[in-house]
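Have a look at the structure below, then the notes.
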Amino acid sequence: MGTPVATRPRESAPRQHRRRRSNVRPTSNKNWLGGAAGWIWLLIVVVPIYWIVITSFKSQSNYYATNPLVPPTEPTLANYIMVIESDFPLYFVNSIIVTLGAVVPAVAISFMAAFAIVRGGRGRFLKSVNSLFLMGLAIPLQATIIPVYLIIIRLNLYDSLLGMILPSIAFAIPLSVLVLSNFIRDIPKELFESMRLDGATEWGTLWRLAFPLTRPAVVTVAIYNGLTIWNGFLLPLILTQSPDKRTLPLALAAFQGQYSVNVPAVLASVLLTTLPILVMYMVGRRQLLSGLTAGFGK
Amino acid sequence: MTSATAPRKKGRGGSLGWLALPALAFFLAFAVVPLVGVLWLSFTTWDGLGEIRLTGLDSWHAVLDNPGLMHSLWVTFLVMALSWAFQTPLSILLGVFLAGRQRYRAVLAVVYFIPLLLSSAAIAITYKALLDPNFGLGAGLGIDILIQDWLGEPTLALGVVIFVVSWQFIPFHSLLYQGGVRQIPRSMYEAAELDGAGRVRMFWSITLPQLKYTIITSSTLMVVGSLTFFDLIYVMTAGGPGDATRVLALDMYKRGFQANLMGPASVIAVILVVVGLLLAMLLRRIGGGNNSDSQLEGA
């Protein structure tokens, strides 16, 4: 466990002796406690995931008859077929529409706001806009859900995809503006100056200078918001009613309520809804991880 | 898009305000107005469909005179405090471990972060089945202590919620700590090494103090975030057994959207906002000011 890997020069003998006596909480290379925690945590993460995968290939009767941790003797795709033949493709499309429909405008308008705040942040108006967004970070926005429900009803958008998109955009703004403005601030002033001397408008500077230079940050913010909205549960739960407007997480919960005895089918639905994100994770792990800590690590 | 098609504005400073308007409009409409609206709704009676009537302090009385509120506050506090106490040491430990540059640690990290990608609904559904006393993991491993009615016993159910929350979020926080540890200058450890400090000393006198801002950031996110655990608990226990896991956010939902009492639900929402703001301010005070840039300075 926690095999020590010697990347640094070997330590002197007396120190090694001392560590053996008190191997409570050493830090980097010979971090036994960390190593042990690391491998145990790996198990804790892997076992449920392994269990989801193998169980989703079991038949229902097989599930009740066999040991949960033993792979199925006769793997079946029946659960997957059942899920795909139900309304899941529709929920999938709904989720894509809501996610893209919210993320693209949210990132675009957040970028514009962040640009304005960085470039003209001395003005009183932009200063107060900035503090308003910062305040939004500290407030649990879920607490505003009842008036949001009321507003969506009054706009006649209840039980529509657009009704979920609009509040999602608003909830994404504070963090997006914070992260994007941090990155725009890093652009050297001279570049803005030379754009100005070339006679570029602020709008042109935004798209031709700031946007290309901060593209990684934009991708990061888009991924973070995309994941949040894709996995979002509360807004669809409260703002929709008909089954055909459901997004995936809500559909999962409903499916589980409906087929609670057919655990393998439920787990197949869990796996299928997670698959797109897992594929994204394989492809763009770095971007995704930096997306998840966007604004907190920076 | 090019500047040719863009609205013409003078390229001098000062005329930039309009760029912030779309974001401001959205934020006002769906965050600021609702924030004020929730306070207003807390003085009304509304069933979610019919007309909204101003009824003064009725809703506040209904909530404050009922022991349900204290119970929800207590459960929320328990979830917050216990999940913080469970996640923080483990996240620091794993973060320090992951900060090592060894190849196998990078591989472990790839696996660790998978729970971050799953929706709370998916996680809740999985654990619900996994913890089944007859067909779940306990029965599979044949370990008696794991064969419990996990979600049927009040204390166990609360423990399960805290564990599952940690399962979901420890990866995120260890990622923060990994970043924090990597920003600590090597030279500090080298200097301490010359002074003959051991690993344990180094952890307590260099790593931990240098992680101060990361700890504050991570704790703020954990604490304020724990106010909004809704989906996980809703799907996994629905607040049960009894009201054992009925946290504030769930209490708000149940009063509002299941019992159709939007007034009292709005009262709970106001309490949620106030508690969230107070906690954020408290943690900021402890941290001694703005931490978002100090963290960079530390590098």
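Chains as they are written, first to last, in my numbering: chain A, 952 to 1249; chain B, 34 to 332.
No residue lacks a Cβ here, since even glycine has one placed at the ideal position from N, Cα and C.
Computed from a prediction, not measured in an experiment: that's the story for all the values here.
is_contact[residue i, chain B] using C-beta, thresh 8 Å
i, result
"M1063 (chain A)", "yes"
"I1005 (chain A)", "no"
"Q1093 (chain A)", "yes"
"A1121 (chain A)", "yes"
"R1236 (chain A)", "yes"
"P1019 (chain A)", "yes"
"N1008 (chain A)", "The question names Asn, but residue 1008 (chain A) in the sequence shown is Phe. It does not: the Cβ of F1008 (chain A) has no partner Cβ on chain B nearer than 8 Å."
"P1023 (chain A)", "no"
"R1070 (chain A)", "yes"
"P1098 (chain A)", "yes"
"T1050 (chain A)", "no"
"G986 (chain A)", "yes"
"Q1209 (chain A)", "no"
"F1084 (chain A)", "yes"
"P1118 (chain A)", "yes"
"I1174 (chain A)", "no"
"T1165 (chain A)", "no"
Residue i - DSSP class collapsed to helix/strand/coil
i, result
"T78 (chain B)", "strand"
"R136 (chain B)", "helix"
"R972 (chain A)", "Note on R972 (chain A): pLDDT 37, under 50, position unreliable in the model; the coordinate value appears next. If DSSP states are grouped into helix, strand and coil, R972 (chain A) belongs with the helices."
"P977 (chain A)", "The predicted model places P977 (chain A) with a pLDDT of 41, which falls under 50 and marks its position as unreliable; any figure quoted below should be read in that light. Coil at P977 (chain A), not helix or strand."
"L87 (chain B)", "strand"
"W51 (chain B)", "helix"
"V1212 (chain A)", "coil"
"V69 (chain B)", "helix"
"R279 (chain B)", "coil"
"F263 (chain B)", "coil"
"I1228 (chain A)", "helix"
"N1182 (chain A)", "coil"
"I1138 (chain A)", "coil"
"R1197 (chain A)", "coil"
"G309 (chain B)", "helix"
"A1151 (chain A)", "coil"
"N1176 (chain A)", "helix"
"S238 (chain B)", "helix"
"Q243 (chain B)", "helix"
"T1165 (chain A)", "coil"
"Y1100 (chain A)", "helix"
"Q120 (chain B)", "helix"
Own chain, CB closer than 8 Å to residue i, minus 5 neighbours either side, in chain order
i, result
"G296 (chain B)", "L74, S75, F76, T77, T78, W79, T88, D91, S92 and A95"
"T1024 (chain A)", "N1013 and T1017"
"A225 (chain B)", "R234, M235, S238 and I239"
"P1019 (chain A)", "W1002 and T1006"
"V303 (chain B)", "V71, L72 and S75"
"S327 (chain B)", "Because the pLDDT at S327 (chain B) is just 35, under 50, the model does not fix this residue reliably, and the value given afterwards should be weighed accordingly. For S327 (chain B), where only same-chain residues beyond five positions count, the Cβ hits under 8 Å are Y246."
Same chain, Cβ closer than 7 Å to residue i, neighbours up to 5 away in sequence not counted
i, result
"L111 (chain B)", "L191"
"A298 (chain B)", "M285, R288 and G289"
"L1028 (chain A)", "none"
"V1034 (chain A)", "A1216, A1219, S1220 and L1223"
"P1118 (chain A)", "V1099 and L1186"
"F1066 (chain A)", "I1135, L1157 and A1161"
"D1110 (chain A)", "T1191, Q1192, S1193 and K1196"
"L329 (chain B)", "Model confidence at L329 (chain B) stands at a pLDDT of 34, short of 50, so the residue's coordinates are unreliable; what they give is reported in the following sentence. Nothing meets the Cβ criterion."
Any C-beta of chain A under 8 Å from that of residue i
i, result
"F119 (chain B)", "no"
"M295 (chain B)", "yes"
"I147 (chain B)", "yes"
"F76 (chain B)", "no"
"T88 (chain B)", "no"
"D177 (chain B)", "no"
"A271 (chain B)", "no"
"S124 (chain B)", "no"
Close-in-space but distant-in-sequence residues of the same chain around residue i (CB under 6 Å, 5 per side omitted)
i, result
"L163 (chain B)", "G169 and L170"
"S36 (chain B)", "Reliability fails at S36 (chain B), whose pLDDT of 40 lies under 50, so the model's placement of it is uncertain and the value that follows must be treated cautiously. Here the set comprises nothing."
Worksheet entry | Runs of beta strand (DSSP E) wholly within the segment 1061-1098 of chain A (minimum 3 residues, chain order) | The segment 1061-1098 of chain A contains no whole beta strand (DSSP E) run of 3 or more residues.
Item to complete: Could you tell me whether the segment 118-136 of chain B touches the segment 1150-1170 of chain A, using the rule of 3 or more Cβ pairs below 8 Å?
Response: Counting Cβ pairs under 8 Å, fewer than three are found: no touch.
Item to complete: Jot down the residue ranges of each uninterrupted alpha helix (DSSP H) in the segment 156-236 of chain B, minimum 4 residues, whole runs only, in chain order.
Response: Runs of the alpha helix (DSSP H) inside the segment 156-236 of chain B: 170-174, 187-215, 219-227 and 232-235.
Fill in: Touching by the beta-carbon criterion (3+ pairs, under 8 Å), the segment 1009-1016 of chain A and the segment 1164-1177 of chain A
Between the segment 1009-1016 of chain A and the segment 1164-1177 of chain A, the count of Cβ pairs shorter than 8 Å is below three; the stretches do not touch.
Item to complete: Please go through the segment 1004-1031 of chain A and give each complete alpha helix (DSSP H) segment of 4 or more residues, from N-terminal end onward.
Response: Taking only runs of at least 4 residues, the alpha helix (DSSP H) segments lying wholly in the segment 1004-1031 of chain A are 1011-1016.
Worksheet item: When the Cβ atoms of the segment 1189-1198 of chain A are set against those of the segment 261-278 of chain B, are three or more pairs found closer than 8 Å?
Response: Contact check between the segment 1189-1198 of chain A and the segment 261-278 of chain B: fewer than three CB pairs, one atom from each, fall below 8 Å, which does not count as touching.
Worksheet entry | Inter-stretch contact at 8 Å, needing at least 3 Cβ pairs: the segment 142-155 of chain B / the segment 983-1003 of chain A | Put simply, the segment 142-155 of chain B touches the segment 983-1003 of chain A. At least three CB pairs are less than 8 Å apart.
Worksheet item: How about the segment 1161-1169 of chain A and the segment 1194-1213 of chain A: do they share at least three Cβ pairs that are nearer than 8 Å?
Response: The way I'd put it, the segment 1161-1169 of chain A doesn't touch the segment 1194-1213 of chain A; fewer than three beta-carbon pairs between them come closer than 8 Å.
Worksheet item: Are there three or more Cβ pairs, one per stretch, closer than 8 Å when the segment 1117-1126 of chain A is compared with the segment 310-318 of chain B?
Response: Contact fails: fewer than three Cβ-Cβ distances are below 8 Å.
Worksheet item: Counting Cβ pairs closer than 8 Å, one from the segment 59-66 of chain B and one from the segment 1098-1115 of chain A, do we hit at least three?
Response: By the Cβ criterion, the segment 59-66 of chain B is in contact with the segment 1098-1115 of chain A, since at least three pairs of Cβ atoms, one from each stretch, lie closer than 8 Å.
Worksheet item: Would you call the segment 198-213 of chain B and the segment 243-257 of chain B touching, i.e. three or more CB-CB distances under 8 Å?
Response: A contact exists between the segment 198-213 of chain B and the segment 243-257 of chain B.
Worksheet item: Are the segment 1061-1077 of chain A and the segment 48-57 of chain B touching by the rule of at least three beta carbon pairs closer than 8 Å?
Response: Flag = yes, the segment 1061-1077 of chain A and the segment 48-57 of chain B touch.
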